[in-house]
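In UniProt numbering, the protein residues as written are 1 to 298.
Built from N, CA and C at the ideal position, the CB exists for glycine as well.
Quick look at the structure:
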């Protein structure tokens with residue numbers, strides 16, 4: 001039940017990976033060994049990934065919503081958008097890491113308990129903090145659109161500030177900083193995330209998905225599909241041969257999504273075993289993969 005996965009030096013981090021045994025993303029216990037020598041030739045591609053794919057944050061398509069009454073002309077309207085940002089385990093704020101762990105616990109803890117792996121919060125937290133672990137995080141961002149009716153009040157405010165001179169400019173700057181702080185607070189909680197690591201699998205360089213979770217209220221909006229496609233595009237751009245993940249066989253809906261994205265049962269996925277008493281024992285998980293010779297995926 002143990003699989004040996006050797007992280008290679010990540011294009012985003014030069015930090016070494018400690019040797020330790022941890023739970024895998026979706027179900028398996030994985031043994032992590034020391035990384036192989038540096039791969040400087042991957043750095044330019046990694047920079048392009050961060051610049052072109054996920055930096056600045058990549059907006060997701062806003063899911064359809066029930067039509068709402070048109071607000072009065074002078075009332076500001078809030079338009080929800082969804083952004084993906086990329087972080088490493090070391091740069092992801094502790095509060096965000098806790099939210100990600102809570103989402104795993106909410107959506108998958110029971111599945112872990114019912115499996116041959118079991119559920120260990122301590123091991124899962126330790127795995128989430130591995131130096132080479134990367135995170136794609138989805139948040140809702142509210143953008144405020146002012147109606148035309150606000151133009152008159154804006155012009156009036158500007159005239160008053162001109163009369164006040166420097167004092168008006170100072171108030172304007174302070175007000176701008178305050179609005180920025182409020183805007184950051186309005187970004188809200190994490191709606192979904194995907195964690196991945198660059199590893200060796202059976203002698204091939206692969207991008208391995210450890211976790212992909214979406215809050216129950218946001219399922220069916222295409223967020224999970226976009227996260228997986230973004231990970232596949234990252235792998236393609238930095239020259240990985242395959243994208244891989246592990247999934248519980250009981251999670252039928254997740255397997256349908258992965259198959260729709262082109263993933264199939266990997267050759268390393270465990271086969272049924274015939275026991276001495278004649279019974280056939282099947283693993284309760286499935287390893288899936290897709291070759292990254294297509295794309296672009298996003």
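Query: Go to residue 254, then tell me how far its alpha helix (DSSP H) extends in each direction, as first and last residue.; Result: 252-260
Query: Given a cut-off of 7 angstroms, decide if residue 224 and residue 207 are closer than it, judged by their beta-carbon atoms.; Result: no
Query: Pop quiz: residue 269 and residue 286 are said to be a contact at Cβ under 8 angstroms. What is the actual Cβ separation, rounded to whole angstroms?; Result: 5 angstroms
Query: Name the two residues that bound the continuous beta strand (DSSP E) containing residue 192.; Result: 190-201
Query: Only counting the same chain, and skipping five residues up and downstream in sequence, which positions put a Cβ closer than 6 angstroms to that of residue 283?; Result: 270
Query: Indicate whether residue 231 and residue 194 have their beta-carbon atoms separated by less than 7 angstroms.; Result: yes
Query: Between the region 125-139 and the region 241-256, are three or more C-beta pairs nearer than 8 angstroms?; Result: no
Query: To the nearest angstrom, how far is the alpha carbon of residue 279 from that of residue 297?; Result: 42 angstroms
Query: Please name the residue in 257, 91 and 104 whose C-alpha comes closest to that of residue 192.; Result: 104
Query: Where does residue 86 sit, in a helix, a strand or coil, going by DSSP?; Result: strand
Query: Residue 251 to residue 111, Cα distance in whole Å?; Result: 9 angstroms
Query: From this set, 222, 120, 214 and 229, which residue's C-alpha is nearest residue 99's C-alpha?; Result: 214
Query: Hey, quick one: how far does the beta strand (DSSP E) through residue 287 stretch, first residue to last?; Result: 285-291
Query: Ordered along the chain, which non-local residues of its own chain (more than five positions away) have a Cβ less than 7 angstroms from that of residue 212?; Result: 194, 224, 227 and 228
Query: Does the beta-carbon of residue 275 have 16 or more other beta-carbons within 10 angstroms, so that it is buried, or is it exposed?; Result: exposed
Query: Give me the Cα-Cα distance between residue 245 and residue 233, rounded to the nearest whole angstrom.; Result: 15 angstroms
Query: Quick one: give me the first and last residue of the alpha helix (DSSP H) that residue 244 is part of.; Result: It is not in any alpha helix (DSSP H) - residue 244 instead sits in the beta strand (DSSP E) that spans 242-248.
Query: I believe residue 219 touches residue 188 by the beta-carbon criterion, under 8 angstroms. Please report the beta-carbon distance rounded to the nearest angstrom.; Result: Actually they do not touch by this definition, with Cβ atoms about 17 angstroms apart.
Query: Find the nearest neighbour of residue 84 within the set 141, 277, 91 and 118, judged by alpha-carbon distance.; Result: 141
Query: Taking its Cβ as the centre, do 16 or more other Cβ atoms sit within 10 Å of residue 113, making it buried, or is it exposed?; Result: exposed
Query: If I measure Cβ to Cβ from residue 254 and keep anything under 6 angstroms in the same chain, skipping five residues before and after, which residues do I get?; Result: 247
Query: Of all the options 264, 277, 92 and 125, which has the alpha carbon lying nearest to the alpha carbon of residue 102?; Result: 125
Query: Count the other CB atoms, across all protein chains shown, that sit within 10 Å of the CB of residue 201; report buried if there are 16 or more and exposed otherwise.; Result: buried
Query: Tell me which residue opens and which closes the alpha helix (DSSP H) that residue 233 is part of.; Result: 223-237
Query: Determine the direct distance from the alpha carbon of residue 258 to that of residue 204, and round the result to whole angstroms.; Result: 20 angstroms
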